[in-house]
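In mature numbering (1 follows the signal peptide of the UniProt record, and there is no 0), the protein residues as written are -23 to -1, 1 to 299.
Backbone N, C-alpha and C fix where the C-beta goes; we use that ideal spot for every residue, glycine too.
The block underneath contains the structure these notes are about, expressed in structure tokens.
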């Protein structure tokens, strides 16, 4: 009996070593800081998967852009150096053209409409198109990226006020053309460069949601927030296809379910964060300006006509969602 017990005790460290040897390290990167809704949901997802996989999947978190810009993170994911991230559709669009149907200005009526779309067949279809492209990533679920509005150094109360203003956008030709159609001058730039660009006058403003404006301190140099609502962008949670192919079918199923759970959790966190961010921005002296959206909508009609032609059927499906 003692001999058997000795063998069992001796075997335990070897068992732990075997488990450790088979553990897959998964780095999750996000440009947003710790505590941001997407980051919190990613951390929760990782903890769930560590537990459900019995430690076979190990997660490490890299918020705050420490592993590079979104473009750089995607490139590292395609090479398998980073395993997971939440990425903006503006970055995906030039490579997977089908997602540009979500990138078109005013394609969604409001936030509730956008959420109904991504929760249904259309949302799943776009995820599949990302996965089945040559992009090298597997799209798992959606996170709410909020409603994007203009924030500027000088107030934009009507369409004419935007004329000639240099406005930062993500590096997607459609976004540049959208700002240009509204009379501004769209300038592509990484998120990490916006603060100094506002400070030095390289740009006159940017466009994003209240939490991003707050967390990245852009409000310190841009005190006017115009509620244009020109973009309402969902953002996919993606995994490197190289990493995905290393997972067992059971692990792949776990990852899909955990990502969908993260989608639901982030939505609750987002609503709380967005409301709190608006209050903090107003307290910091930011003026929220209600604008007549129709002139902005009408000005961007050529963008929808130009980019929407290949997706006429998909656009009808989006418009039909209640």
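**OP:** Pull up the CB-CB distance for residue 116 and residue 107, whole angstroms please, since I reckon it's below 8 Å.
**Re:** Mapped onto the chain shown, residue 116 falls at position 139. Mapped onto the chain shown, residue 107 falls at position 130. Indeed they touch by this definition, with Cβ atoms about 4 Å apart.
Subject >> N- and C-terminal bounds of the beta strand (DSSP E) containing residue 309 >> reply: For the chain, the structure presents residues -23 to 299; residue 309 sits outside this window and is missing.
Original post:
Taking 7 Å as the CB-CB cut-off, is residue 228 touching chain D?
Top reply: The structure shown contains no chain D; it holds only a single protein chain.
Original post:
Apart from the five residues on each side of it in sequence, which residues of its chain come closer than 7 Å, Cβ to Cβ, to residue 219?
Top reply: Here residue 219 refers to the residue found at position 242 of the chain shown. Answer for residue 219: 57, listed in chain order.
Original post:
Does the Cβ-Cβ distance between residue 54 and residue 209 come in under 7 Å?
Top reply: Numbered from 1 along the chain shown, position 77 holds the residue referred to as residue 54. Numbered from 1 along the chain shown, position 232 holds the residue referred to as residue 209. No; because the gap between Cβ atoms is not below 7 Å, this pair is not in contact.
**OP:** Taking 7 Å as the cut-off, decide whether the C-beta atoms of residue 136 and residue 273 are in contact.
**Re:** On the chain shown, position 159 is the one that residue 136 refers to. On the chain shown, position 296 is the one that residue 273 refers to. It is a contact, given that the beta carbons lie within the stated cut-off.
Subject >> Alpha-carbon spacing of residue 11 relative to residue 20, whole angstroms >> reply: One-based indexing of the chain shown puts residue 11 at position 34. One-based indexing of the chain shown puts residue 20 at position 43. Approximately 10 Å between the Cα atoms of the pair.
Original post:
From residue 188 to residue 201, what distance separates their C-alpha atoms?
Top reply: On the chain shown, position 211 is the one that residue 188 refers to. On the chain shown, position 224 is the one that residue 201 refers to. Between residue 188 and residue 201, the C-alpha separation is close to 15 Å.
Original post:
Which runs of the alpha helix (DSSP H) fall wholly inside the stretch 209 to 287 and span at least 4 residues, in chain order?
Top reply: 218 to 221, 226 to 260, 270 to 276 and 278 to 285
Original post:
Which residues bound the alpha helix (DSSP H) around residue 49?
Top reply: On the chain shown, residue 49 is found 72 positions in, with the first residue counted as 1. 47 to 55 is the span of the alpha helix (DSSP H), which, as asked, contains residue 49.
Subject >> Residues near residue 35 by beta carbon distance below 8 Å, same chain, minus five either side >> reply: On the chain shown, position 58 is the one that residue 35 refers to. Taken in chain order, the residues that qualify are -1, 1, 2, 3 and 27.
**OP:** Go ahead and label residue 278 buried or exposed: buried means 16 or more other beta carbons lie within 10 angstroms of its beta carbon, across all protein chains shown.
**Re:** Counting from 1 along the chain shown, the entry for residue 278 is found at position 301. Residue 278 should be labelled exposed.
**OP:** Report yes if the CB atom of residue 169 is closer than 7 Å to the CB atom of residue 144, and no otherwise.
**Re:** Against the chain shown, residue 169 aligns to sequence position 192. Against the chain shown, residue 144 aligns to sequence position 167. Their beta carbons are not under 7 Å apart, which means residue 169 does not touch residue 144 by this criterion.
Subject >> Separation of residue 69 from residue 86, as counted between CA atoms >> reply: Position 109 of the chain shown, counted from the first residue, corresponds to residue 86. Position 92 of the chain shown, counted from the first residue, corresponds to residue 69. Their Cα atoms are separated by approximately 22 Å.
**OP:** State the DSSP-derived secondary structure class of residue 28, mapped to helix, strand or coil.
**Re:** Here residue 28 is taken as the residue at index 51 of the chain shown, counted from 1. Residue 28 falls in the helix class under three-state DSSP.
Original post:
Alpha carbon to alpha carbon, what distance is there between residue 33 and residue 66?
Top reply: Within the chain shown, the letter at position 89 stands for residue 66. Within the chain shown, the letter at position 56 stands for residue 33. In a straight line, the C-alpha of residue 66 is about 30 Å away from that of residue 33.
**OP:** Rounded to whole angstroms, what's the CA-CA distance from residue 147 to residue 267? Just pull it up for me.
**Re:** Residue 147 sits at position 170 when you count from the first residue of the chain shown. Residue 267 sits at position 290 when you count from the first residue of the chain shown. Rounded to the nearest angstrom, the two C-alpha atoms are 24 Å apart.
Original post:
From residue 114 to residue 254, what does the alpha carbon distance come to, in whole angstroms?
Top reply: Counting from 1 along the chain shown, the entry for residue 114 is found at position 137. Counting from 1 along the chain shown, the entry for residue 254 is found at position 277. Each residue's alpha carbon lies about 32 Å from the other.
**OP:** Using three-state DSSP, classify residue 115 as helix, strand or coil.
**Re:** To locate residue 115, count along the chain shown from 1; it is residue 138. Three-state DSSP puts residue 115 in a strand.
Original post:
Are the stretch 77 to 86 and the stretch 284 to 292 touching by the rule of at least three beta carbon pairs closer than 8 Å?
Top reply: yes
Original post:
Going by C-alpha distance, which of 30, 38, 198 and 72 is nearest residue 48?
Top reply: In the chain shown, the residue the question calls residue 48 occupies position 71. Measuring from the Cα of residue 48, the nearest candidate turns out to be 72.
Subject >> Distance, residue 42 Cα to residue -4 Cα >> reply: Stepping through the chain shown from its first residue, residue -4 is reached at position 20. Stepping through the chain shown from its first residue, residue 42 is reached at position 65. Interpretation of residue -4 is limited by its pLDDT of 43, a score under 50 that renders its predicted location unreliable; the figure taken from the coordinates is listed afterwards. Cα to Cα, residue -4 sits roughly 28 Å from residue 42.
Original post:
Taking the C-alpha atoms as reference points, what is the distance between residue 7 and residue 171?
Top reply: As a working mapping, residue 7 is identified with position 30 in the chain shown. As a working mapping, residue 171 is identified with position 194 in the chain shown. Distance between the alpha carbons of residue 7 and residue 171: 17 Å.
Original post:
If you compare alpha carbons, which of 5, 281, 294 and 297 is closest to residue 156?
Top reply: On the chain shown, position 179 is the one that residue 156 refers to. Comparing Cα positions, the closest option is 281.
Subject >> 3-residue-minimum beta strand (DSSP E) runs that sit fully inside the stretch 60 to 120, ordered along the chain >> reply: 61 to 63
**OP:** Pull up the distance between the alpha-carbon of residue 199 and that of residue 129, whole angstroms please.
**Re:** Counting from one through the chain shown, the residue named residue 199 turns up at place 222. Counting from one through the chain shown, the residue named residue 129 turns up at place 152. Cα to Cα, the separation comes out at about 5 Å.
Original post:
When you compare only the Cα positions, how much space is there between residue 96 and residue 131?
Top reply: Position 119 of the chain shown holds residue 96. Position 154 of the chain shown holds residue 131. Approximately 38 Å between the Cα atoms of the pair.
Original post:
Which two residues bound the contiguous alpha helix (DSSP H) that contains residue 157?
Top reply: Numbered from its first residue, the chain shown carries residue 157 at position 180. Residues 150 to 158.
Original post:
Which same chain residues, not among the five before or five after residue -16, have their C-beta less than 7 Å away from its C-beta?
Top reply: Taking the first residue of the chain shown as 1, we reach residue -16 at position 8. A caution first: residue -16 carries a pLDDT of 42, below 50, which makes its placement in the model unreliable, though a value can still be read off. No residues qualify anywhere along the chain.
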